[in-house]
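Protein chains in written order, with my numbering: chain A, 1 to 114; chain B, 115 to 225.
What follows is the structure, encoded as structure tokens:
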């Protein structure tokens, strides 16, 4: 099956700093990638849809200036959490669509903001 | 906002037994998918069923879809300890790739 990677898998940062998370589709081209966040023992909540070469579309309640998304190529999307605070601590997961209806998910990034 | 509700929220069964999880949704869908998530890990795609399909099989997995009741079920037969995970259903609409996830079922297989 298609493989999606995320980097880093785990990051700890100080409050006020910015963190960049990368999402890559390794063996297929993804015109669309999605970013989700998941709190402990909860389901996934869609944050934004990332389209290659255009601006991301954010879900209601998600601050676009805080969660910067860049989809610079057909295999890479990045999520930057700017001026992170402890309440941003969460599990961030990306997914990529590669020409079928199936979304393939990355392994997730655990962000802890101290 | 969450569209799907899954029940039960948690399920514990003995190894070898069958596990059934249910998912209900609120609006019309194009596809319904089931995913598995091990603790602290990403999601693994299990099976996709289209709105015009009623049943689908993949190995020990059997998925049904009843669009009139807006519900789906996932049956895992002959469960194994390695099946212990959280299971989520997710739906998408026509012309819309965005997935809306259910609340999930935490399945524990007791050896």
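Glycine included, each C-beta is placed from N, C-alpha and C at the ideal position. Since the structure is predicted, the reported quantities are computational estimates derived from the model, not experimental observations.
Does any CB atom of chain B fall closer than 8 angstroms to the CB of residue i?
i, result
"residue 44/A", "yes"
"residue 39/A", "no"
"residue 8/A", "no"
"residue 98/A", "no"
For residue i, which beta-bridge partners are listed by DSSP?
i, result
"residue 201/B", "150/B and 219/B"
"residue 33/A", "50/A and 96/A"
"residue 67/A", "81/A"
"residue 143/B", "Its beta-bridge partners do not exist; DSSP assigns none."
"residue 20/A", "80/A"
"residue 124/B", "220/B"
Where does residue i land, buried or exposed, given buried means 16+ other C-beta within 10 angstroms?
i, result
"residue 150/B", "buried"
"residue 215/B", "buried"
"residue 143/B", "buried"
"residue 145/B", "buried"
"residue 90/A", "buried"
"residue 196/B", "exposed"
"residue 186/B", "buried"
"residue 95/B", "The requested residue 95/B is not part of the displayed model; chain B covers only 115 to 225."
"residue 131/B", "exposed"
"residue 16/A", "exposed"
"residue 202/B", "buried"
"residue 208/B", "exposed"
Step through the CB atoms of chain A and report whether any lies within less than 8 angstroms of the CB of residue i.
i, result
"residue 184/B", "no"
"residue 171/B", "no"
"residue 145/B", "yes"
"residue 211/B", "yes"
Just the Cα atoms here: how many angstroms apart are residue i and residue j?
i, j, result
"residue 97/A", "residue 49/A", "11 angstroms"
"residue 3/A", "residue 32/A", "15 angstroms"
"residue 70/A", "residue 10/A", "20 angstroms"
"residue 77/A", "residue 221/B", "32 angstroms"
"residue 54/A", "residue 35/A", "15 angstroms"
Nearest to residue i by CA position, among the options, is which residue?
i, options, result
"residue 14/A", "107/A, 87/A, 75/A and 68/A", "87/A"
"residue 198/B", "124/B, 119/B, 118/B and 172/B", "124/B"
"residue 73/A", "60/A, 66/A, 51/A and 81/A", "51/A"
"residue 37/A", "102/A, 21/A and 83/A", "21/A"
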